[in-house]
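Worksheet: the structure to be examined is printed underneath.
There are 2 protein chains.
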Amino acid sequence: MLTPIRLEPFKVACSSCNLRELCLPLGMSPAQVERLDELVANRRSIPRGDALFRQGDPFDALYAVRTGFFKTVLAAADGREQVTGFQMSGELLGLDGIGQSLHACDALALEDSTVCVIPYEQLESLSHELVDLQRAFHKVMSREIARDHGVMLLLGTARAEERLAAFLLNLVRRLHERGQSMSEMILRMTREEIGSYLGLKLETVSRTFSKLQDQGILEVRQRQIRILEPEALKRLVSEGSC
Amino acid sequence: MLTPIRLEPFKVACSSCNLRELCLPLGMSPAQVERLDELVANRRSIPRGDALFRQGDPFDALYAVRTGFFKTVLAAADGREQVTGFQMSGELLGLDGIGQSLHACDALALEDSTVCVIPYEQLESLSHELVDLQRAFHKVMSREIARDHGVMLLLGTARAEERLAAFLLNLVRRLHERGQSMSEMILRMTREEIGSYLGLKLETVSRTFSKLQDQGILEVRQRQIRILEPEALKRLVSEGSC
DNA sequence: CGCGAGCTTGATGCCGATCAATGCATGTGG
DNA sequence: CCACATGCATTGATCGGCATCAAGCTCGCG
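Protein sequences appear in the order of chains F and U. Mapped onto our numbering, the consecutive letters of the first sequence carry residue numbers 1 to 242. Mapped onto our numbering, the consecutive letters of the second sequence carry residue numbers 1001 to 1242.
Below you can see the structure in the form of structure tokens.
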């Protein structure tokens, strides 16, 4: 069943989007980005809690997060779930669906969000014309693969403290790239969702937050996190369990 | 430093390669596959234990395994390592290097192997001409992303028994697609490498093999594995820890 | 034949899961 | 405006699976 595409009353334009340095247009010339405008003509709004797409939905478009925040969730046969990623503005959703022409995971909005719809067939045609678009797209996919390998390393070898530290540093870096603070953030996801992403239970996530707070590395107030000792946090990641 | 490319005395041709249904040419017309022959002109031999490329090497080509067996390894700052994948004939190596134009992991031959060299610049140009090549390449990358997400699910939620069961079923399926037995295989990797891939210690891998043997599900003789009860093995995977 | 890499098996300990209770913020209806 | 419900987070007590440490074992190979 096709997920309905809701047309917004006004046009989107990559060429005038302030996310173009964080999104697909990265590395493309202004003239080429204008060609992208033909392609990315539609937006869609997703209220908090709703799915952008679900595992098994037919794949016919990629999505770029414009505003808001998403998680992607993979479900196993027996019902267990794993959060495979959190996506913020400028990041692409749906890359894992190309291979089977079906979406491979659920994408759920963690807050009211808007996305740009990138019809995949058209992306293929256009990247056929624009070498730089092709190149940019390949880089996006490749970086996703490299990111996933990093997560596998984390899940395979790191202790709870290190997992959480790496997660927070990654999150705050991406937020900083989007103009927010380097040391403070408001988490969009629950402890349970963090735990699912990191291969931990929510109680462990909560305890680890408390421990990092006791050590004076973080200040934790619900979902408001302030990093007091960024160096100590980085040390946790780079020194592993020593 | 560039890894030297050794030219083989005779030409490689995708169009006459018996791996074309498992490799990049999947889904391309015979005429188009012939165009690939221009591109994939070189082979390289890698003796067992040697690296095809290493983390940080400049990226300028992808590699398709022709014969043999590889592992890819990601190293953390503190020296810990994680095997991120095992690759057999027809599978591509180096996809995670496109994004940074540097190889993101080590690729090591687990037995004497040969690979086809796919110069990346030329792959970009040619896939610019051949829509079906572009499409096939996107699918390969997308499937790698989906595979990685599956591994993340395994690492995040599964117990040792289930991890090993899923690993063995995946391996035997891929070997079967290459004409080998559905129930028997010879492992190319050590217990330690399996453990690294699955986020377990080698002792746990060994114990789990023994347990599955005691249960009559497997017959284990060193690296020779026979699956006696495929259904029981599948049940371990789909029912999780219940 | 003896060496060494890789594998198996046992004993013990620890990290994180599990079970359980309480706390805290937000929202809703009487 | 307060009582109560609900969802999320924190904290404690206990348990269990896997890691760790430590011997032996097997097999291929010089």
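Where a beta carbon is used, it is the ideal one built from N, C-alpha and C, also for glycine.
Any C-beta of chain U under 8 Å from that of residue i
{"i": "Ala232(F)", "result": "no"}
{"i": "Glu8(F)", "result": "Caution is warranted here: a pLDDT of 48 is assigned to Glu8(F), below 50, making its placement in the model unreliable, and the coordinate value is therefore given only provisionally. It does not; no Cβ of chain U falls within 8 Å."}
{"i": "Glu161(F)", "result": "no"}
{"i": "Gln213(F)", "result": "no"}
{"i": "Arg207(F)", "result": "no"}
{"i": "Asp148(F)", "result": "yes"}
{"i": "Ser15(F)", "result": "no"}
{"i": "Val151(F)", "result": "yes"}
{"i": "Ala31(F)", "result": "no"}
{"i": "Gln224(F)", "result": "no"}
Within-8 Å CB hit, residue i to chain F
{"i": "Cys1105(U)", "result": "yes"}
{"i": "Gly1027(U)", "result": "no"}
{"i": "Gly1156(U)", "result": "yes"}
{"i": "Glu1144(U)", "result": "yes"}
{"i": "Gly1199(U)", "result": "yes"}
{"i": "Ala1165(U)", "result": "no"}
{"i": "Gly1056(U)", "result": "no"}
{"i": "Glu1239(U)", "result": "yes"}
8 Å Cβ cutoff met for residue i and residue j
{"i": "Glu1111(U)", "j": "Arg1044(U)", "result": "no"}
{"i": "Leu123(F)", "j": "Leu168(F)", "result": "no"}
{"i": "Leu74(F)", "j": "Gln82(F)", "result": "yes"}
{"i": "Ala1109(U)", "j": "Gly1049(U)", "result": "yes"}
{"i": "Gln87(F)", "j": "Phe70(F)", "result": "yes"}
{"i": "Gly1248(U)", "j": "Ala1158(U)", "result": "Since the first residue of chain U shown is 1001 and the last is 1242, residue 1248(U) is not available in this structure."}
{"i": "Gly1094(U)", "j": "Val1065(U)", "result": "no"}
{"i": "Ala166(F)", "j": "Val237(F)", "result": "yes"}
{"i": "Met185(F)", "j": "Val172(F)", "result": "yes"}
{"i": "Pro1230(U)", "j": "Ser1183(U)", "result": "yes"}
{"i": "Lys1139(U)", "j": "Ile98(F)", "result": "yes"}
{"i": "Gly195(F)", "j": "Thr204(F)", "result": "yes"}
{"i": "His1176(U)", "j": "Asp148(F)", "result": "no"}
{"i": "Asp106(F)", "j": "Ala51(F)", "result": "yes"}
{"i": "Phe59(F)", "j": "Leu19(F)", "result": "no"}
{"i": "Arg174(F)", "j": "Gly27(F)", "result": "no"}
{"i": "Asp37(F)", "j": "Ala76(F)", "result": "no"}
Integer Cβ distance of residue i from residue j, believed to fall under 8 Å
{"i": "Ala61(F)", "j": "Pro119(F)", "result": "5 Å"}
{"i": "Ser1125(U)", "j": "Phe1137(U)", "result": "About 12 Å; that fails the 8 Å criterion."}
{"i": "Ser113(F)", "j": "Gly68(F)", "result": "2 Å"}
{"i": "Cys1023(U)", "j": "Tyr1063(U)", "result": "No, Cys1023(U) and Tyr1063(U) are not in contact; Cβ-Cβ is about 11 Å, not under 8 Å."}
{"i": "Leu130(F)", "j": "Arg35(F)", "result": "6 Å"}
{"i": "Leu1133(U)", "j": "Gln1032(U)", "result": "7 Å"}
{"i": "Arg1163(U)", "j": "Leu1218(U)", "result": "Between Leu1218(U) and Arg1163(U) the Cβ distance is about 14 Å, and since that is not below 8 Å, they are no contact."}
{"i": "Leu155(F)", "j": "Gly1156(U)", "result": "6 Å"}
{"i": "Ser1015(U)", "j": "Pro1030(U)", "result": "7 Å"}
Contact test: residue i Cβ vs the ligand MN heavy atom, cutoff 7 Å
{"i": "Leu110(F)", "result": "Because no ligand of any kind appears in the structure shown, any question about the ligand MN cannot be addressed here."}
Bridge-paired residues (DSSP) for residue i
{"i": "Tyr63(F)", "result": "Leu93(F), Val117(F)"}
{"i": "Asp214(F)", "result": "None; Asp214(F) has no bridge partner."}
{"i": "Pro1058(U)", "result": "Leu1102(U)"}
{"i": "Glu81(F)", "result": "Ala75(F)"}
{"i": "Asn1170(U)", "result": "Bridge partners of Asn1170(U): none, in fact."}
{"i": "Met1185(U)", "result": "Ile1225(U)"}
{"i": "Ile1046(U)", "result": "Ser1113(U)"}
{"i": "Phe86(F)", "result": "Lys71(F)"}
{"i": "Leu108(F)", "result": "Ala51(F), Lys71(F)"}
{"i": "Val1220(U)", "result": "Ile1225(U)"}
Inset, instruction - Note down, in chain order, all residues in the stretch 174-194 of chain F with a beta-carbon under 8 Å from any beta-carbon belonging to chain U. - result: For the stretch 174-194 of chain F, which is checked against every Cβ of chain U, not one residue is closer than 8 Å.
Legend entry - Residues of the stretch 104-135 of chain F with Cβ closer than 7 Å to any Cβ of chain U, in chain order: Ala104, Cys105, Glu124, His128, Val131, Gln134, Arg135
Inset, instruction - Identify each residue in the stretch 1069-1098 of chain U for which the Cβ-Cβ distance to at least one residue of chain F is less than 9 Å, and report them in chain order. - result: Against chain F - using a Cβ distance shorter than 9 Å - the residues of the stretch 1069-1098 of chain U are Thr1072, Leu1074, Ala1075, Ala1076, Ala1077, Asp1078, Gly1079, Arg1080, Glu1081, Gln1082, Val1083, Thr1084, Gly1085, Leu1095, Asp1096, Gly1097, Ile1098.
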